[in-house]
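Residue numbers (the working numbering): 122 to 351.
Don't be surprised by glycine CBs; every beta carbon is placed ideally from N, CA and C.
Here you go:
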């Protein structure tokens with residue numbers, strides 16, 4: 122089996138290199154996680170994705186590790202023609218049901234199950250998104266993102282939002298720093314040819330959240346937006 126493509130849980134340890142990952146097959150891990158509860162995610166769009174993608178001209182988009190579909194549904198509601206892909210069949214079934222409940226035009230949104238180490242879209246893309254594309258089981262993260270970037274048309278954008286540090290309510294020692302993604306590391310690992318890509322955004326953003334015990338907390342996100350030059 123190959124890598125998992127989905128948002129890590131807020132309290133999990135993301136592992137984008139495969140080092141230290143659990144031995145469980147990614148498909149089994151994520152299907153079991155989704156099947157264990159009626160919903161894993163809020164169903165709302167990621168705030169950083171909405172902030173950045175909301176300023177772009179809609180076109181054809183791909184959401185890597187779409188999970189239960191919150192980001193992909195939002196993009197379609199903004200006029201993007203979106204494909205959401207995830208390894209979990211349970212997650213994709215929920216994403217399709219959520220799209221119907223949201224009344225999204227079926228011509229603008231499609232969900233598929235697949236392994237991103239082998240799957241590729243039909244035709245070029247204008248936007249590729251990967252929100253919290255980190256995993257406690259094996260994930261060839263950088264390799265998948267580099268491959269995905271080549272699917273972009275000239276002028277297209279790659280947007281990644283990643284956990285940049287442990288939640289404020291978790292001791293740092295519980296989450297080794299090297300497992301998180303910083304903007305400069307993200308750009309270095311994408312290894313795009315000089316002159317062929319423009320770095321539009323590369324920054325860390327702090328957002329207010331509620332911790333599991335109901336107290337105020339914060340999360341730090343790495344936000345990177347690259348534009349493929351013509």
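Neighbourhood of residue i by C-beta, 6 Å cutoff - its chain only, sequence neighbours within 5 removed
| i | result |
| --- | --- |
| residue 229 | 197, 202 |
| residue 328 | 340 |
| residue 289 | 338, 339 |
| residue 193 | 184, 187, 203, 205 |
| residue 173 | 280, 346 |
| residue 166 | 191, 192, 195 |
Three-state class that DSSP yields for residue i in the structure shown
| i | result |
| --- | --- |
| residue 245 | coil |
| residue 291 | coil |
| residue 172 | helix |
| residue 253 | coil |
| residue 319 | strand |
| residue 206 | strand |
| residue 279 | strand |
For residue j and residue i, the rounded distance between their alpha carbons
| i | j | result |
| --- | --- | --- |
| residue 184 | residue 176 | 17 Å |
| residue 276 | residue 199 | 19 Å |
| residue 351 | residue 153 | 43 Å |
| residue 244 | residue 179 | 16 Å |
| residue 234 | residue 316 | 34 Å |
| residue 313 | residue 262 | 15 Å |
| residue 231 | residue 241 | 14 Å |
| residue 310 | residue 348 | 16 Å |
| residue 264 | residue 161 | 26 Å |
| residue 320 | residue 282 | 14 Å |
| residue 149 | residue 211 | 11 Å |
Neighbourhood of residue i by C-beta distance below 8 Å, restricted to the same chain and skipping five residues each side
| i | result |
| --- | --- |
| residue 219 | 164, 189, 190, 191, 194 |
Whole-number beta carbon distance between residue j and residue i, since they are thought to touch under 8 Å
| i | j | result |
| --- | --- | --- |
| residue 380 | residue 346 | Given that the chain is displayed from residue 122 to residue 351, the structure contains no residue 380 and the question cannot be resolved. |
| residue 169 | residue 342 | 6 Å |
Any non-hydrogen atom of the ligand ZN closer than 8 Å to residue i Cβ
| i | result |
| --- | --- |
| residue 243 | Because no ligand of any kind appears in the structure shown, any question about the ligand ZN cannot be addressed here. |
Query raised in the report: Is the stretch 216-232 touching the stretch 253-268 in the sense that three or more CB pairs, one from each, lie closer than 8 Å?
Result: no
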